[in-house]
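So for the sequence shown, full-length UniProt numbering puts the first residue at 1; every next one is plus one. Glycine included, each C-beta is placed from N, C-alpha and C at the ideal position. Step one of this worksheet: look at the structure below.
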Amino acid sequence: MTTTLNLDRHPCFNVEVKGKCGRVHLPVAPQCNIKCNYCNRKYDCVNESRPGVTSAVLSPVQAVEYMEKVLEKEPRITVAGIAGPGDPFANAFETVETMRLIREKFPEMLLCLATNGLNLAPYVDELARIGVSHVTVTVNAVDPEIGQKIYSWVRDGKVIYRGLRAAELLLERQLEAIKALKAKGMVVKVNTIVMPGINDHHIEEVAKKMAEIEVDVLNCMPLYPNADTVFESVHEPSREQMVEIRKKAEEYLPQMRHCTRCRADAVGLLGEDKSDAFRGCLSACATSLPSSEARPYVAVATIEGLLVNQHLGEAARFQIWKKSEEGFEKVAERKAPPSGGGPKRWEELARVLQDCRAVLVSGIGEHPRKILTKTGVLPVEMSGFIEMGLEAVFNGRNLSEFKVRRSGGCTKGQGCQGDGSGC
């Protein structure tokens with residue numbers, strides 16, 4: 001990080017700039033790892049304005065394209081954030097990759113995340129390296145007895161917890177993550193949903209605990225009742241009740257009083273949202289392919305440099321080709337990340353190939369396929385001459401005539417016994 005960021009330009013953390021500086025929420029995180037009894041993310045409507053709602057979901061590469069288009073029409077945007085529609089760290093790769101790409105393309109932009117905190121701690125170091133400056137964590141209770149009334153389940157990896165243990169685990173992770181964020185010098189806001197009859201009597205304790213771990217600001221948010229949820233019949237707290245709750249909480253922490261309970265695809269100034277105006281642009285970006293200017297190359301997995309004849313997981317290096325006036329030209333060879341390491345291997349490969357629109361391989365597993373596709377690198381399974389594959393990709397020809405016939409789950413074919421690499 002060489003650019004000095006003006007942290008005062010975040011309208012959610014600084015009420016004085018809410019009419020001058022705007023934010024855009026990049027909806028790249030569709031999955032969630034907890035089930036809140038007040039949340040319903042199942043549908044979208046042009047009249048909906050609440051957390052968890054979006055008109056489309058973007059890949060990291062599409063998010064950069066969308067950001068460019070937003071800034072063309074609304075240059076007052078100073079913050080790029082991720083706030084759903086699920087949780088950023090139930091979609092950790094997409095979240096971190098989006099932040100990295102935005103920082104690279106827009107070095108002056110403030111980066112912001114809003115999360116439940118369950119899976120945040122393992123990524124704090126990377127967020128700090130990228131330059132994420134503001135993080136919001138939703139903490140609805142600091143007593144698991146109360147927390148268990150708020151969450152139906154919590155999923156940690158492949159294990160689902162319910163009841164008291166779910167609330168205990170979530171709180172443990174939230175406290176760990178917030179302490180780690182503050183150790184890295186990040187600005188931390190805590191959102192607390194005020195739910196009458198559930199936790200409204202407990203907000204002062206939340207504020208006290210958050211002050212102890214050096215949270216910067218507390219946002220007490222009135223419950224937004226949602227249909228088809230456990231809490232659909234729980235009424236929204238009154239304005240008078242919220243005034244009193246914030247007054248007590250303010251004895252411990254500064255209060256945010258200008259929250260607009262934004263959509264996961266919110267864009268514009270607070271109180272002057274332009275989500276509706278950008279809905280068509282968002283949908284167009286969600287279905288767009290990587291531009292040829294941003295990704296002028298194609299990567300190839302080959303043994304001898306003539307045929308596409310290596311499985312993605314077996315390739316130690318990739319040839320990099322571009323289109324030229326004479327046809328196609330090999331411009332480089334790039335080393336592949338070492339085997340092992342699980343998903344991080346493929347995430348690193350996506351970075352190695354970040355200027356490639358496609359990678360030609362003889363086979364590929366489903367996990368790396370998903371990671372590469374999400375980052376804008378199209379995996380093309382084929383057999384035959386490299387030049388034929390390049391012609392098909394660069395000139396938009398049908399690749400079906402070159403495609404490898406699959407036999408079973410692994411694209412290496414029936415003879416593969418597996419090497420344990422998850423390729």
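Out of curiosity, what's the CA-to-CA distance linking Lys18 and Ser152?
Those two C-alpha atoms are separated by around 35 Å.
Give the C-beta separation of Leu253 and Pro237 to the nearest angstrom, bearing in mind that I take them to be a contact with Cβ-Cβ under 8 Å.
Going by Cβ atoms, the distance from Leu253 to Pro237 rounds to 19 Å, so no, they are not a contact pair.
Would you mind working out which of Val61, Ala336 and Gly305 sits nearest Ile102, comparing C-alpha positions?
Val61
Arg9 to Ile320 span [Cα, whole Å]
41 Å
Taking the DSSP output, what are the residues bridged to Tyr161?
Val154
Output needed for Lys322: all residues of its chain with C-beta closer than 6 Å, excluding positions within five of it in sequence on either side, in chain order.
Pro296, Tyr297, Glu329 and Val331
Stretch-stretch touch, CB-based, cutoff 8 Å, three pairs: the segment 224 to 232 with the segment 172 to 179
no
Are the Cβ atoms of Thr229 and Asn33 separated by less than 7 Å?
no
Flag this pair as touching only if the segment 266 to 282 and the segment 69 to 81 have three or more C-beta atom pairs under 8 Å; answer yes or no.
The answer is yes - the segment 69 to 81 touches the segment 266 to 282, with three or more Cβ pairs under 8 Å.
Helix, strand or coil for Ser59, going by three-state DSSP, please let me know.
Three-state DSSP puts Ser59 in coil, outside helix and strand.
Assuming Thr115 contacts Phe89 (C-beta within less than 8 Å), just tell me the rounded distance between them.
The beta-carbon separation of Thr115 and Phe89, rounded to 6 Å, stays under the 8 Å limit for a contact.
Report yes if the C-beta distance between Ala264 and His25 is below 7 Å; otherwise report no.
Against a cut-off of 7 Å, the Cβ pair of His25 and Ala264 comes out as a contact.
In terms of residues, what are the limits of the alpha helix (DSSP H) holding Met221?
Where Met221 is concerned, there is no enclosing alpha helix (DSSP H), although the beta strand (DSSP E) it sits in stretches over Val217 to Pro222.
On a CA-only basis, which of Glu108, Asn91, Arg369 and Ile160 is nearest Pro75? Give me that one, please.
Glu108
Assuming the contact rule is C-beta atoms closer than 8 Å, Leu307 and Ile386 should be a hit. Round their C-beta distance to whole Å, please.
7 Å
Return the chain-ordered list of same chain residues with a C-beta closer than 8 Å to the C-beta of Gln255, the five sequence neighbours on each side being excluded.
Excluding the 5 residues flanking it on each side, Gln255 has same chain C-beta neighbours closer than 8 Å at Val217, Leu218, Asn219, Cys220, Arg246 and Ala249, in chain order.
Go ahead and label Ser324 buried or exposed: buried means 16 or more other beta carbons lie within 10 angstroms of its beta carbon, across all protein chains shown.
exposed
Counted within 10 angstroms of its Cβ, other Cβ atoms place Lys374 as buried (16 or more) or exposed:
buried
Between Val352 and Phe318, what straight-line distance do the alpha-carbon atoms span, to the nearest angstrom?
10 Å
Whole alpha helix (DSSP H) elements within the segment 329 to 363, 4-residue minimum
343 to 352
Quick one: residues in its chain with C-beta nearer than 6 Å to the C-beta of Arg193, no 5 flanking neighbours on either side, listed in chain order?
Residue 193 is actually Ile in this sequence, not Arg. For Ile193, where only same-chain residues beyond five positions count, the Cβ hits under 6 Å are Asn140, Met221 and Leu223.
Does the distance from the CB of Met186 to the CB of Val135 come in under 7 Å?
Going by C-beta atoms, Met186 is nearer than 7 Å to Val135.
Am I right that Arg173 and Gly117 are in contact with their C-beta atoms under 8 Å? What's the rounded C-beta distance?
Indeed they touch by this definition, with Cβ atoms about 6 Å apart.
Distance, Cα to Cα, Lys184 vs Glu104?
Between Lys184 and Glu104, the alpha-carbon positions lie close to 20 Å from each other.
Determine, using beta carbons only, whether Pro30 and Gly81 come nearer to each other than 7 Å.
No, the Cβ-Cβ distance between Pro30 and Gly81 is not below 7 Å.
Out of Val142, Thr138 and Leu113, which has the shortest C-alpha to C-alpha gap to Ala128?
Leu113
Buried/exposed call for Ala299, threshold 16 Cβ in 10 Å:
buried
For the beta strand (DSSP E) that contains Pro379, what are its first and last residues?
Leu378 to Glu381
Whose C-alpha, out of Glu348, Gly305 and Gly163, is nearest the C-alpha of Glu333?
Looking at Glu348, Gly305 and Gly163, the one whose alpha-carbon comes closest to that of Glu333 is Gly305.
Within the segment 244 to 298, note down every full beta strand (DSSP E) run reaching 3 residues or more, in order along the chain.
267 to 269
Tell me which residue opens and which closes the alpha helix (DSSP H) that Val124 is part of.
Val124 to Ile130
Could you tell me the boundaries of the beta strand (DSSP E) in which Asn191 lies?
Val187 to Val194
Is it true that the CB of Pro144 sits closer than 7 Å to the CB of Leu171?
yes
Where Ala227 sits in the DSSP three-state scheme:
Here Ala227 sits in coil by DSSP.
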